[in-house]
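Below you'll find the structure, written out as structure tokens, and then a few comments.
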Amino acid sequence: MKTFKCNCKDQQILFFENSHCGACNRVVGLDDEFDKVEPYEFDEQSGEYFKAQQPAIRFQKCDNHADYQVCNGMVNLNTFEPVEGRDEMLCFACRFNETVPDLSIVEHIPLWEKMEVAKRRALYTLKSLSLPLNNTIQDPEGGLSFDFTTDRDVSDHFVSKLKDQEPVFTGHNGGHITINLAEADDIARSHTKLAMGEHYRTLLGHFRHELGHYYFDKLIINSDEKHALCKTYFGDDELDYKEALDKHYKNSSSKANQEWREAFISEYATMHPYEDWAETWAHYMHIIDTLETAKNFSISGSTSGNVLESEEMRDLTLPQGSIFFSGQTSIDSILDSWMDFSIILNSLNRSMGMNDAYPFVLTDKVRTKLSFIHHSIHDQLSSMHSSN
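Counting from 150, one number per residue, gives the positions in the sequence shown under the numbering used here.
Next comes the structure, spelled out in structure tokens:
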């Protein structure tokens, strides 16, 4: 994630989630280019917003920004095209929503905001990688959409089932991603994490995992050659999924199952090759986004030497010239940088009395799978295959 700044006299740092500058209180947000958070001026006469360097282009806050404060999207009025039958004005990210939580229940709104924050971060990385990213209005057959809903009662942290409500399962189906609103509730998610014996369970991780399934369809399944190559690294994804699911949960506590660490990024990845791909995809996204954030904050990625002796921030050893979203940056460089940086990341967490931020091991087999993901994204599978 890049760093952003307001154009006020304090040059205040703007975080990706900001809707106002903390120094000058100016409205800030993301427009439909979806590439940076920037400030907006307000024209009292027209009631519209504009960027100081482009006063002729006018904006309005996304309805979800103005009415519910769950996003920081700004809509370009010069290019906005209303959808037939809808009177809503939605930003780039909110146009991917098909179903939002029941907003008559006010406790749902702050949880929806968490969903939107995670979704925007996940989409930002995908857009930075120049991956195909269309909603169902742009691409009715192959577009991406989201459902955010629940089958349980928010008042008791989603323990009690709601009457006459069909079960809501987090998952992916042909470009349509469902995330149960309970995943945005810290208590409910922690209970699930403990019950499942997981080391890591985050809302952003859910988005990236399910998006991995979507991009498996986009990048792999439609090419016989790429699909066959994928099977050599992840296994046969055409194996019966339900049978694999039943077997996984039946054997999850067995001693033999602990051997997964040598070849898989997580225990859930052992369930089926389809899930192995999605888990590995999510970790690739975690890695490159975190490294990009560290680079933009000029944080060192090396555990050797005393960084305090450096006279300038540019002397820090994380490869400042590397663009982690670029196919020109080698996967070995990315993963080597991550191995160094994750040690620092975990050490910082321990200093705060928190669990490791990244409690995973990248074995050679896992690195190979991450390499396949990297080359799939940047359409370099042929070069990877020839090098092996």
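Glycine included, each C-beta is placed from N, C-alpha and C at the ideal position.
query = Nearest to Asn156 by alpha carbon, out of Ala201, Asp184, Cys220, Asn167?
reply = When only C-alpha atoms are compared, the closest one is Ala201.
query = With a CB to CB cut of under 6 angstroms and the five nearest residues on each side skipped, what residues in its chain are close to Cys240?
reply = The residues Cys211, Gly222, Val224, in chain order, have a CB closer than 6 angstroms to that of Cys240 in the same chain once the five nearest residues on each side in sequence are set aside.
key: Contacting residues, own chain, Cβ-Cβ under 7 angstroms from Thr298 (five flanking each side not counted)   = Cβ neighbours of Thr298 within its own chain (closer than 7 angstroms, five residues either side excluded): Thr248, Pro250, Val317, Leu330.
message = Is it buried or exposed, Val510, if we count other Cβ atoms within 10 angstroms and call 16 or more buried?
response = Exposed, because fewer than 16 other Cβ atoms sit within 10 Å of the Cβ of Val510.
inquiry  = Using 8 angstroms for Cβ pairs, my map puts Pro422 next to Asp386. What's the rounded Cβ distance?
reply    = Indeed they touch by this definition, with Cβ atoms about 4 angstroms apart.
3-residue-minimum beta strand (DSSP E) runs that sit fully inside the region 279 to 354, ordered along the chain = Fully enclosed beta strand (DSSP E) runs of no fewer than 3 residues occupy 294 to 298, 320 to 322, 325 to 329 of the region 279 to 354, in order along the chain.
key: For Gly222: DSSP bridge partner residues   = Gly222 is bridged to Leu179.
inquiry  = Would His235 and Phe356 be called neighbours here (beta carbons separated by less than 9 angstroms)?
reply    = The displayed chain sequence assigns Arg, not His, to residue 235. Pairing Arg235 with Phe356 gives a Cβ-Cβ distance that is not under 9 angstroms.
message = Check this for me: beta carbons of Arg350 and Thr512, under 9 angstroms apart or not?
response = Not closer than 9 angstroms, so no.
query = Which term fits Gly354, buried or exposed, when burial requires 16 or more other beta carbons within 10 angstroms of its beta carbon?
reply = Buried, since its Cβ has 16 or more Cβ neighbours within 10 Å.
task = In the DSSP assignment, find the beta strand (DSSP E) that holds Asn246 and state where it starts and stops.
result = Counting along the chain, the beta strand (DSSP E) containing Asn246 begins and ends at 246 to 248.
message = In the DSSP output, what is Tyr198 paired with across the bridge?
response = In DSSP, Tyr198 forms a bridge with Phe191, Phe208.
request  = For Asp178, count neighbouring Cβ atoms within 10 angstroms of its own Cβ and tell me buried if that reaches 16, exposed if not.
outcome  = Here residue 178 turns out to be Gly, not Asp, going by the sequence shown. Taking all protein chains in view, the Cβ of Gly178 is crowded by 16 or more other Cβ atoms within 10 Å, so the residue is classified as buried.
key: Meets three-Cβ-pair contact criterion under 8 angstroms: the region 483 to 497 and the region 425 to 444   = The region 483 to 497 is in contact with the region 425 to 444.
Sequence-distant residues of its chain with Cβ nearer than 7 angstroms to Glu424 (five each side left out) = Answer for Glu424: Tyr417, Ala418, listed in chain order.
query = Which first and last residues belong to the alpha helix (DSSP H) in which Ser479 is found?
reply = Where Ser479 is concerned, there is no enclosing alpha helix (DSSP H), given that its DSSP letter is neither H nor E.
query = In whole angstroms, what separates the C-alpha of Ala427 from that of Asp159?
reply = CA-CA distance, Ala427 to Asp159, rounds to 42 angstroms.
Burial state of Met420, where buried means 16 or more other Cβ atoms lie within 10 Å = A residue is called buried when at least 16 other Cβ atoms come within 10 angstroms of its Cβ; Met420 meets this threshold and is buried.
Nearest-angstrom beta carbon gap, Phe208 and Tyr189 [assumed within contact, 8 angstroms] = Contact between Tyr189 and Phe208 holds, since their C-beta atoms are separated by about 6 angstroms, short of 8 angstroms.
ask   = So which of His523, Ala333, Gln203 has the shortest CA-CA distance to Ile369?
value = Nearest C-alpha to Ile369: His523.
inquiry  = For Met150 and Ala344, what's the separation of their Cα atoms in angstroms?
reply    = Distance from the CA of Met150 to the CA of Ala344, rounded to the nearest whole angstrom, comes to 32 angstroms.
inquiry  = Can you tell me whether Ala377 is buried or exposed? The criterion is at least 16 other CB atoms within 10 Å of its CB, across all chains shown.
reply    = So Ala377 counts as exposed.
ask   = Exposed or buried, which one is Val308 when buried takes at least 16 other CB atoms within 10 Å?
value = Val308 is exposed by the Cβ-count criterion.
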